[in-house]
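Numbering (the numbering used here), first residue to last: 4 to 376. Some notes on the structure that comes next.
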Amino acid sequence: MKVPFCDLGAQHKEIKTQINKAIKRTIKRSDFILGLDELAFEKEFAKYCGSEFCVGLSSGTAALFLALLCSDIGEGDEVIVPDFTYIATALAVSYTGARPVFVDIEEDSYNINIASLEKAVTKRTKAVIPVHLYGQPVKMQQILKIAKANGLKVIEDAAQAHGASMRLSDGQWVKCGSMGDVGCFSFYPTKNLGALGDGGAVTTNSDEIYRKLLMLRDYGRISKYEHAIIGYNSRLDTLQAAILREKLKKIDAWNKMRQEAAFYYNLRFKDVPSVITPSSEDGIKHVYHVYAIRTNKRERVYNCLRDKGIGAIIHYPIPLHLQPAYRSLGYKEGDFPVSEKTAKEIISLPIFPHLSKKQIRYVCDCIKKAVKA
Ligand SMILES: Cc1ncc(COP(=O)(O)O)c(C=O)c1O
4 MKVPFCDLGA QHKEIKTQIN KAIKRTIKRS DFILGLDELA FEKEFAKYCG SEFCVGLSSG
64 TAALFLALLC SDIGEGDEVI VPDFTYIATA LAVSYTGARP VFVDIEEDSY NINIASLEKA
124 VTKRTKAVIP VHLYGQPVKM QQILKIAKAN GLKVIEDAAQ AHGASMRLSD GQWVKCGSMG
184 DVGCFSFYPT KNLGALGDGG AVTTNSDEIY RKLLMLRDYG RISKYEHAII GYNSRLDTLQ
244 AAILREKLKK IDAWNKMRQE AAFYYNLRFK DVPSVITPSS EDGIKHVYHV YAIRTNKRER
304 VYNCLRDKGI GAIIHYPIPL HLQPAYRSLG YKEGDFPVSE KTAKEIISLP IFPHLSKKQI
364 RYVCDCIKKA VKA
């Protein structure tokens with residue numbers, strides 16, 4: 004049996020007719036840039052996230068970068084970023100001229116360590132970017148409290164967390180991307196909500212940020228040939244938005260299928276102490292963009308999976324502070340022990356909505372043999 008890491012084909016098969024119609028509709032209208040479907044998608048995605056506004060952008064990286072610009076972050080400023088995330092989180096900070104300041108992660112959730120974050124705040128700190136890594140919500144209430152006390156902007160990196168949610172102290176459930184000053188999303192094809200190409204968005208409740216983003220993504224334009232600020236070309240294509248509108252209708256069902264797959268994995272690993280499964284907590288709804296296990300026999304597990312035709316990926320093998328691109332920041336090995344240990348032991352297993360129980364059993368049996376050998 005072969006088990007791919009991700010199977011986009013199965014998703015597309017389910018909504019092929021609707022996607023084809025959306026593509027035909029866009030071609031017929033030929034409103035490829037900021038067309039009707041783009042504007043409609045923004046309204047629908049904002050509503051889905053529980054935010055007032057959404058601005059469609061060309062990628063998740065553009066979303067982070069433009070969100071930082073909206074907070075006037077630039078040279079001389081510091082932005083706190085978890086050390087264990089996809090590099091785009093930090094790159095967006097670097098593009099502004101500000102310095103990304105890395106902090107360690109929690110051993111159970113792999114999300115930013117709140118105590119370390121608090122210690123890292125200096126006079127130069129302007130913002131923090133909590134990343135809802137793998138689709139697991141960060142404990143936002145604590146972050147918002149620290150941010151308020153220190154006058155920091157909170158830029159949520161929800162690139163992996165479409166539809167993930169958490170329960171607030173008043174019992175209300177809120178979605179990732181709706182709690183900070185802005186929420187940044189990626190619609191990279193394999194994401195829980197993925198386009199058929201690149202795409203991204205920012206969600207916000209701030210009218211001011213919304214208006215600035217509309218300009219920033221569109222050459223700083225205020226009318227066709229009048230430009231108020233130095234902007235960029237970072238718009239979400241209408242064609243991608245039309246496709247995303249169809250996929251948005253399925254996201255809750257597909258997230259539920261991912262959750263069921265994750266629960267089944269957890270069950271199969273219950274009696275395997277050398278395999279650490281993802282943590283779960285009351286009041287947190289993880290959407291399993293990634294299902295990552297931790298084992299000190301990773302090499303053996305990885306090789307065994309590969310030999311059996313099973314897709315597995317390491318998210319991420321090198322923590323940000325040890326990336327060659329960030330050598331100039333002066334970090335060294337040992338600076339962030341949890342992040343470093345996680346990078347050595349983590350391995351992501353196949354997960355996608357249509358993954359079958361039979362495929363999960365095959366993956367788990369292979370891993371159980373590998374860790375016992
Ligand atoms: C946590 C995180 N942040 C940001 C990004 C960047 O998104 P994009 O690839 O759409 O630029 C990604 C994409 O993988 C991501 O996983």
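For each residue, glycine too, the CB sits at the ideal point set by N, CA and C.
Taking the alpha carbon of Ile-115 as the reference point, which residue from Ala-65, Lys-375, Met-143, Arg-271 has its own alpha carbon closest? Among Ala-65, Lys-375, Met-143, Arg-271, the Cα nearest to that of Ile-115 is on Met-143.
Over what stretch of residues does the alpha helix (DSSP H) that includes Glu-109 continue unbroken? Where Glu-109 is concerned, there is no enclosing alpha helix (DSSP H), given that its DSSP letter is neither H nor E.
What does DSSP give as the partner residue(s) for Phe-56 in the beta ladder? Phe-56 pairs with Thr-207.
Let me know the alpha helix (DSSP H) ranges lying completely inside the stretch 241–323, each 4 residues or longer, listed in chain order. Runs of the alpha helix (DSSP H) inside the stretch 241–323: 241–251, 254–271, 301–310.
Let me make sure I understand the geometry here. Which of Ile-233, Met-260, Gly-202 has the alpha-carbon closest to that of Ile-246? It is Gly-202 whose Cα lies nearest to the Cα of Ile-246.
Smallest Cα separation from Asp-160: which of Ala-152, Ser-172, Val-205? Ranking the options by Cα distance to Asp-160, first place goes to Val-205.
Same chain, Cβ closer than 6 Å to Lys-156, five either side skipped, listed in chain order: For Lys-156, same chain residues with a beta-carbon under 6 Å away, outside a window of 5 residues either side, are Ser-74, Ala-130, Asp-184 in chain order.
Alpha carbon to alpha carbon, how far is Thr-29 from Leu-242? For Thr-29 and Leu-242, the distance between alpha carbons rounds to 6 Å.
Throw me the rounded Cβ distance for the Ser-342 and Ile-108 pair, which I believe falls under 8 Å. Between Ser-342 and Ile-108 the beta-carbon gap is near 5 Å, inside 8 Å, which marks them as a contact.
Where does Met-218 sit, in a helix, a strand or coil, going by DSSP? Helix, per DSSP.
Note the first and the last residue of the continuous beta strand (DSSP E) segment covering Ala-130. Taken as a continuous stretch (DSSP letters only), the beta strand (DSSP E) holding Ala-130 covers 128–131.
Got a sec: does ligand 1 put a non-hydrogen atom nearer than 6 Å to the Cβ of Val-366? Ligand 1 has no heavy atom closer than 6 Å to the beta-carbon of Val-366.
Spatial neighbours of Arg-32 within its chain, please: C-beta separation below 7 Å, excluding the five flanking residues on both sides. Taken in chain order, the residues that qualify are Gly-38, Leu-39.
Express the C-alpha separation of Thr-88 and Asp-1 in angstroms, rounding to a whole number. This structure gives no information on residue 1, because the portion of the chain shown stretches from 4 to 376.
What is the rounded straight-line gap between the Cα of Leu-352 and the Cα of Lys-227? Spanning the alpha carbons of Leu-352 and Lys-227 requires a straight line of approximately 48 Å.
Note the first and the last residue of the continuous beta strand (DSSP E) segment covering Lys-156. Membership of Lys-156 in the beta strand (DSSP E) is indicated by the continuous run 156–160.
Is Ile-370 helix, strand or coil when you go by DSSP? Looking at Ile-370 - three-state DSSP - the assignment turns out to be helix.
Delimiting residues of the alpha helix (DSSP H) encompassing Phe-68: In the DSSP annotation of this structure, the continuous segment of the alpha helix (DSSP H) that includes Phe-68 starts and ends at 63–73.
Would you mind working out which of Ile-296, Arg-271, Glu-41, Glu-263 sits nearest Ser-282, comparing C-alpha positions? Of the candidates Ile-296, Arg-271, Glu-41, Glu-263, the one whose C-alpha sits nearest the C-alpha of Ser-282 is Ile-296.
Straight-line CA distance for Phe-355 to Ala-231? The C-alpha of Phe-355 lies about 44 Å from the C-alpha of Ala-231.
Considering Cα atoms alone, identify which of Thr-345, Gly-333, Val-141, Ala-244 is closest to Lys-24. The candidate whose alpha carbon is nearest that of Lys-24 is Ala-244.
Who are the Cβ neighbours of Gly-53 in its own chain at under 7 Å, not counting the five residues just before and after it? Excluding positions up to five away in sequence, the list reads Val-177, Lys-178, Ser-181.
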